[in-house]
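**Student:**
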Amino acid sequence: MRKSKIILLSLLVAVLFGFASCDFNASDLPEASVSIIENGATDVDPAAVSYIDVKFDKSMNTKYSGFIYYGDIYYDIQEHFWYNSYTYRIYVDLRYGQNYKLVINDSDYATSHSDDKYKSEFFRDTEGNKLKQFAIEFSTIPSTLEHPHTFELDLTNKNVLGYSTFTLNFADNSENTENTQQMLVGLKPLLNHEMLKKGDTVKLKYKLSSAYDISEIRANLIDGSSYMNYWGQLNSDTTKDVVLVKDYTAATADADPNIYEGEISFDIAKDMYANFMVQLWADYGLDDDLYSIDILAD
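Numbered per this note's numbering, the sequence shown spans residues 1233 to 1530.
#1: Take D1201 and list the residues in its own chain whose beta-carbon comes closer than 7 Å to its own, dropping the five residues that flank it on each side.
#2: Do V1510 and G1494 come within 8 Å of each other at the CB atom, strictly closer than that value?
#3: Given a cut-off of 8 Å, decide if A1264 and K1295 are closer than it, judged by their beta-carbon atoms.
#4: Bridge partners for V1474 per DSSP, in chain order?
#5: With three or more beta-carbon pairs closer than 8 Å as the criterion, would you say the stretch 1297-1315 touches the stretch 1333-1344?
#6: Compare the Cα-Cα distances from Q1330 to each of L1440, M1427, D1473 and S1317 and report the closest residue.
#7: Nearest to V1434 by CA position, among S1346, L1385 and P1421, is which residue?
#8: At the level of alpha carbons, what is the spacing between M1460 and Y1492?
#9: If I follow the unbroken alpha helix (DSSP H) through S1344, where does it start and stop?
#10: For K1349, count neighbouring C-beta atoms within 10 Å of its own C-beta (all shown protein chains included) and say buried if the count is 16 or more, exposed if not.
#11: Taking only three categories from DSSP, how would you classify L1518?
#12: With DSSP as the reference, identify every bridge partner of R1356, one or two as the case may be.
#13: List the DSSP bridge partners of A1483.
#14: Please confirm if the stretch 1481-1489 is in contact with the stretch 1500-1516, defined as three or more CB-CB distances below 8 Å between the two stretches.
#15: Roughly how many angstroms lie between the CA atoms of Y1315 and R1321, to the nearest whole one?
#16: Measure the alpha-carbon distance for K1378 versus D1432 and round it to whole angstroms.
#17: In whole angstroms, what separates the C-alpha of N1401 from that of E1359?
#18: Could you give the distance in angstroms between the alpha-carbon of E1270 and the alpha-carbon of A1367?
#19: Looking at V1266 and S1371, is the spacing between their C-beta atoms short of 8 Å?
#20: Buried or exposed for Q1413, please, with buried defined as at least 16 other CB atoms from any protein chain shown within 10 angstroms of its CB.
#21: By a C-beta neighbour count over all protein chains shown, 10 Å radius and 16 as the cutoff for buried, is G1464 buried or exposed?
#22: With 16 as the cutoff for other CB atoms within 10 Å, does E1353 come out buried or exposed?
#23: Kindly give me the distance between the Cβ atoms of V1206 and R1450, rounded to whole angstroms, as I take these residues to be in contact under 8 Å.
#24: Cα separation between T1319 and S1297?
#25: Which word fits D1469, buried or exposed, when buried means at least 16 other C-beta atoms lie within 10 angstroms of its C-beta?
#26: In its own chain, which residues sit with a C-beta less than 6 Å from the C-beta of Y1505, not counting the 5 before and 5 after it?
#27: Rounded to whole angstroms, what's the CA-CA distance from T1274 to N1507? Just pull it up for me.
#28: For the alpha helix (DSSP H) containing N1391, name the first residue and the last one.
#29: Nearest-angstrom Cα distance between S1375 and Y1328?
#30: Just the C-alpha distance for H1381 and L1422, rounded to the nearest angstrom, thanks.
#31: Measure how close the beta-carbons of L1387 and L1453 come, nearest whole angstrom, since I'm counting them as under 8 Å.
#32: Quick one: what's F1402 bridged to in DSSP?
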């Protein structure tokens, strides 16, 4: 796996407390451990792990937290926060066949990069004693899915989408392509920890409505990871710019929304690396409208 270091810095206080530099006995320093998974494990099942808890033996100052990612675990962490003063919780969406590493209070990195800001955010207990460098490393089991495979992603199913209505607000894209607007939507969780491979097929079933008259919206599948330069097209050129919606007329204000239903299909021409997304794009609408659409699920 390509090694890249991405800092996740969570500074929850604007004022840094200037603890005096002094020596502590080893017994004064907080210690950490990992629960939910075994640190160093090589057989973690992604489908069985939705979060990882970092446990501390002392009450911690929850205004501080800072750790370093190695590799692309960045795209597999959904959120993280202090669950209580003894537990830091990291919600994950892990992938099969991956090696993961993150380091809490990575003093090696801070020193080699002269990163005093990162040092100021080190985990510490309520008495100001900083945790020693602590690494979390593990690997996930390989996938048993056979490729080529057809991924049928049903966005009309609320259990799949996670919402009954998911609003997408388009943004100006003229900096890249004149007179266009676009929206990027992360779909990685819908793959159920799998990775797209060259030769696969992805089908998207959807329902949508909008308050705007829409001439046309087109779609592509991309890998938005840093390895792919944040914009790696996954679908083949023969299934590029697939029409998502065309000639849509918004309902009047006193009427029920017009529902547009469809299914689009993509042939995958490149292996996914880390971050599966769909790109939706359109020319500017009437009166230079920036579109907003609602994806609907039952």
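Even glycine gets a Cβ: it sits at the ideal position worked out from N, Cα and C.
**Tutor:** So, from the data block:
#1: What is shown of the chain runs 1233 to 1530, which leaves residue 1201 out entirely.
#2: no
#3: no
#4: A1451
#5: yes
#6: Ranking the options by Cα distance to Q1330, first place goes to M1427.
#7: L1385
#8: 33 Å
#9: S1339 to S1344
#10: exposed
#11: The three-state reading of DSSP puts L1518 in helix, counting H, G and I together.
#12: K1362
#13: DSSP output for A1483 lists no bridge partner at all.
#14: Inter-segment contact for the stretch 1481-1489 and the stretch 1500-1516 is absent: fewer than three beta-carbon pairs are separated by less than 8 Å.
#15: 6 Å
#16: A quick correction: the sequence has Glu, not Lys, at residue 1378. A straight line joining the alpha-carbon of E1378 with that of D1432 spans about 10 Å.
#17: 46 Å
#18: If you draw a straight line from the Cα of E1270 to the Cα of A1367, it is about 12 Å long.
#19: It is not a contact, given that the beta carbons lie outside the stated cut-off.
#20: buried
#21: buried
#22: Answer is buried; the Cβ neighbour count reaches 16.
#23: Here the chain has residues from 1233 to 1530 only, and residue 1206 is not among them.
#24: Distance between the alpha carbons of T1319 and S1297 is about 12 Å.
#25: With fewer than 16 neighbouring CB atoms inside 10 Å of its own CB, D1469 falls in the exposed class.
#26: Non-local beta-carbon contacts of Y1505 in its own chain, meaning distances under 6 Å to residues more than five positions away in sequence, involve D1455, S1457, Y1459 and M1460 in chain order.
#27: 22 Å
#28: For N1391, the enclosing alpha helix (DSSP H) stretches over residues K1390 to L1393.
#29: 5 Å
#30: 14 Å
#31: Not really, about 14 Å apart at Cβ, beyond 8 Å.
#32: DSSP output for F1402 lists no bridge partner at all.
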